[in-house]
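Okay, so here's the structure we're looking at.
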Amino acid sequence: MKRLLLTLALACPPALAQTTTLPPGFTAPAGYGDRIYPALGDAGLDVTHYDLSLSATPGVDSVAGRAVLSILARRDLSQINLDFAGPGVLGVKVDGRAARHAHVGDKLLILPPGVLAAGTAFTVTVAYSGTPALHIDPADDLRLGWITQAGGSYVLSEPDGAHTFFPCNDVPADGASYSLHLDVPAGFTAIASGVQTHSQMRAGRVYTEFEQAAPIPSYALTVHIGRFERVTPPDAAGGIQIRNAFPLGLPAEVRATFDQTPAMLGVLAGWFGPYPYPVYGVAVTEDPQILALETATLSTFPARQETPATALHELAHQWFGDSLRLGDWSEVWLNEGFATYAELLWAQSQGQDTAPLLARWYARLARAPARGLVATQARQLFDANSYYRGALALHALRLKVGDALFRQILSTYVARFSGQSVRTADLLGVVGQFGGPAALEAIGPWLTGPEIPALPTTGTF
Ligand code: ARG
Ligand code: ZN
């Protein structure tokens, strides 16, 4: 028995420290098996929908929540393992009946009343209240998760901060739709991913509801609470509604960065196919320090002057990252390489010379420790390779196949995998289908590495 446990532990790193003692009846969870974050998630769960009710008061670092998860069992389940580093758990129900649970470390372990057979659909309801865990990304010291600042709260979760404010299967491979019910004091605005379906004042509080109908990874869900001005410019082509949330008093030049959203939507749709959601916009936080993040339908920005290229980058992630989500964190280049290459597509559409941009990417790549595009460590996820080697891989492919086929490859890849998780092999399947062996040969050395191929120069654009 001991030997067996040891073998299991080696094959699949434990989601909880081996020293953690569990209450009787509970077993240590194995994790989903992501190559970078093996402890996160549970491969036995397919969460299809999160219904989240969150109540918050700006200035108070506390959230009261109720999460109802609709789940499909992917195998027989005698224990349900969720990621949750959040506030104290008040109660847990499975299919409406109280269930035993243990909140240990960053896991919420739940015992259903009986074994849930593979294929069974069931719900888990978790009520909780308290202060979300402080979670810093060790790779870049960025604070992740639910963040309370002077004027309100916001969410910034990539890669693993979502489980600081709601219990979830916190791996990008398991996407889900969301219903959000947000409750904040009068005078404040709550805005979130998805379409606003309801807003009502009651007893000094504002209740607002959002529906995110298309599945997204948990890190892409966002909520912003603050004193905002909501700006809704005329709809972009294709009937996409644009709504931005700017903190009161945000300088006009900071807002102006986002004036080009309709034009950007048009240019990107021309390469990738239709924008994947009915709404888009940005929420600017009061914090000037944070990084911009591609939160679904509502990208998050710091309160400082950003470049149009960054605005464009986060918009491109709505296709690559949010709609087509990662099957594994090690292949995050499928997000960052595409969003970075989109910057070039935009620059080109604006009549700019793209040669300096390509040279800059190549120089940054040459300065960084070279690796192939599949990352092996968390600190590599957002390095120069994911962004610039990824972008240059796409450029090399484009120069080989030409613009017409390149557009066909991009739009087919998007159409085939939208709303699903992707691996590099999925992209290569499409590349091979349209471009044949020559196209695969052109992109191959960029993928495998570590040597950096020569910067492709010839081209017809
Ligand atoms: N995905 C973001 C962007 O490039 C970067 C996030 C980087 N850092 C982090 N700790 N998640 O738009
Ligand atoms: Zn990015």
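Under the numbering used here, the sequence shown is numbered contiguously, ending at residue 462.
The beta-carbon is built from N, C-alpha and C at its ideal position, and this holds for glycine as well.
The structure presented is a predicted model; accordingly, all values stated were derived computationally and were not measured.
Each of ASP288, GLY97 and ASN82 was checked against the Cα of GLY32, and the nearest Cα belongs to ASN82. A heavy atom of ligand 1 is found nearer than 6 Å to the CB of PHE383. Residue pairing of ASN245 in beta bridges, as defined by DSSP: VAL232.
Residue burial is scored here from C-beta neighbours: GLN290 has fewer than 16 other C-beta atoms within 10 angstroms and is therefore classed as exposed.
Beyond the five residues adjoining it in sequence on each side, PHE321 comes within less than 7 Å, by CB distance, of LEU335, ASN336, PHE339 and ALA340 in the same chain, given in chain order.
Here DSSP, grouped into helix, strand and coil, assigns GLN319 to coil. Within 6 Å of the C-beta of GLU337 there is at least one heavy atom belonging to ligand 2.
With a threshold of 6 Å, the Cβ atom of ASP138 counts as near ligand 1, since some heavy atom of the ligand is closer than that. DSSP, read as helix, strand or coil, puts PRO133 in coil. In this structure, LEU366 and ILE453 form a Cβ contact; the two beta carbons are roughly 6 Å apart against a cut-off of 8 Å. By the neighbour-count criterion, in which a residue is buried when 16 or more other Cβ atoms sit within 10 angstroms of its Cβ, THR377 is exposed. PHE247 has its alpha-carbon roughly 8 Å from the corresponding atom of ARG256. C-alpha of PRO88 to C-alpha of VAL280: approximately 31 Å in a straight line. Minimum Cα-Cα distance from ASP47 among the listed residues THR209, GLY60, PRO39 and LEU70 corresponds to LEU70. Between the alpha carbons of PRO168 and LEU358 lies a gap of roughly 41 Å.
DSSP places HIS199 in the uninterrupted beta strand (DSSP E) bounded by 196-203.
GLN409 carries a helical assignment under DSSP once its states are collapsed to helix, strand and coil. In this structure, the C-beta of ALA340 approaches ligand 2 to less than 6 Å from one of its heavy atoms. If you ignore the 5 residues before and after LEU345, its C-beta comes within less than 8 Å of the C-beta of THR355, LEU358, LEU359, ALA392 and HIS396, all in its own chain and listed in chain order. Counting the other Cβ atoms within 10 Å of the Cβ of PRO235 gives fewer than 16, which makes it exposed. Taking the CA atoms as reference points, LEU157 sits about 8 Å from TYR220. In the three-state reduction of the DSSP assignment, THR165 falls in the helix class, which pools H, G and I.
DSSP, reduced to helix, strand and coil, places GLN349 within a helical segment of the structure shown. Judged by DSSP in its simplified three-state form, GLN150 adopts strand. Exclusion of the five residues before and after THR21 leaves ALA29, VAL105 and GLY106 as the residues of its chain whose Cβ lies within less than 8 Å of its Cβ.
Residue pairing by DSSP places HIS225 opposite TYR155 and ILE192 in a beta bridge. If you keep only unbroken beta strand (DSSP E) runs of at least 3 residues inside the stretch 67-114, you get 81-84, 89-95, 101-105 and 108-112. Judged by the Cβ position, ASP323 fails to qualify as a neighbour of ligand 1 at the 6 Å threshold, every heavy atom of the ligand being at least this far. Judged by beta-carbon spacing, ALA304 lies within the 7 Å limit of VAL285, meaning their Cβ atoms are closer than that value. Judged by DSSP secondary structure, TYR363 falls within the alpha helix (DSSP H) whose first and last residues are 356-368.
For a cut-off of 8 Å, the C-beta gap from GLN213 to ALA317 is around 19 Å, too long to register as a contact. Straight through space, the alpha carbons of LEU269 and VAL333 are spaced by roughly 20 Å.
Shortest gap from the CB of GLU159 to any heavy atom of ligand 1: under 6 Å.
At a threshold of 6 Å, ASP427 does not count as near ligand 1, since its beta carbon sits no closer than that to any of the ligand's heavy atoms.
Rounded to the nearest angstrom, the gap between the Cα atoms of ARG98 and ALA57 is 27 Å. The alpha carbon of VAL185 has as its nearest neighbour, out of THR425, LEU251 and SER54, the alpha carbon of SER54.
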